[in-house]
Amino acid sequence: MKQTKLRTLILAAMFAALTCVATMIIHIPSPIGGYFNLGDCMVLLSAFVLGPVWGTAAGGIGSALADVICGYFVYAPGTLVIKALMALAAALIFCAFAKNGSRFGKTFSGSLLGSVAAEIIMVVGYFLYELPLFGYAPSLESAVTTNLPQAAVGLVAGMALFTLLDRTHLAARMKGEPIHA
0 MKQTKLRTLI
10 LAAMFAALTC
20 VATMIIHIPS
30 PIGGYFNLGD
40 CMVLLSAFVL
50 GPVWGTAAGG
60 IGSALADVIC
70 GYFVYAPGTL
80 VIKALMALAA
90 ALIFCAFAKN
100 GSRFGKTFSG
110 SLLGSVAAEI
120 IMVVGYFLYE
130 LPLFGYAPSL
140 ESAVTTNLPQ
150 AAVGLVAGMA
160 LFTLLDRTHL
170 AARMKGEPIH
180 A
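Mapping of the sequence shown onto numbering that gives the first Met the number 0: residues 0 to 180, in sequence order.
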C-alpha cells in the first residue's frame, strides 16, 4: 500500500513537471498578456491517467508553475484554479464512462466528452478571470484569439496522446503482458 501511494505521488510530480514543460515549449504571447501553449494536452492526460485527485493537483500545479517561471505572475492564481477544474471535470467524466470496463469505445467517449468539458471550462474560466483585470472587450478578444485556438490544440493533442496510451494499454492486456500505470 505504501509503495502504491509513493508511486502515485511520483507520477503526479512527473505529470506536473511535464505539464509545466509542455506549457513552456511553445509559448506564443497573446495580444493582452497570457500566451498560447500546449500544456492543456498534459493537463488532460494527467486527469485521465491519475484520476480526479492527483490529476487535478498535477494539472493545476504544473500549469501555475509555468506561469510563475515565465513571468506571468498575474495569471498564476487563476491558472491554478482553472487548470485544476479542467482536470477535475475531465477525470470525473472519464471515470464515469470507464467505470463499466475499459473497452476502447467507452474510454474514448469518456475522454472526448471530458476533454470538451475541460476546454470549455478553460475558455470561460480565463474570460471570467481576465474580465476584472482588462475589461470586456480585451477579455473577449483573448478568449477568441488565444484561448479557443489553445483549446482546439489541447483537445486534439490530448486525445491523440490518450488514444495512443489507451490502445497500447489494451494491446498489452490482450497479449497478457504486465501493465504498468
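Glycine residues also receive a C-beta, built at the ideal position from the N, C-alpha and C atoms.
Judged by their CB atoms, Asp39 and Ala159 are not nearer to each other than the 9 angstroms cut-off. Sequence-distant partners of Phe72 (beyond 5 residues in either direction) whose C-beta falls short of 8 angstroms from its own C-beta, in its chain, are Asp66. Per DSSP, reduced to three states, the secondary structure at Ile25 is coil, with no helix or strand assignment.
Boundaries of the alpha helix (DSSP H) harbouring Lys82: Ala75 to Ala97, taken from the DSSP string. No residue range can be given for Val143, since it is assigned to no alpha helix (DSSP H) and is classified by DSSP as neither H nor E. Cβ neighbours of Thr144 within its own chain (closer than 6 angstroms, five residues either side excluded): none. With contacts defined as CB atoms closer than 9 angstroms, Ala90 and Gly134 fail to qualify as a contacting pair. About 4 angstroms separates the beta carbons of Ala15 and Gly61, which is inside the 8 angstroms limit, making them a contact pair.
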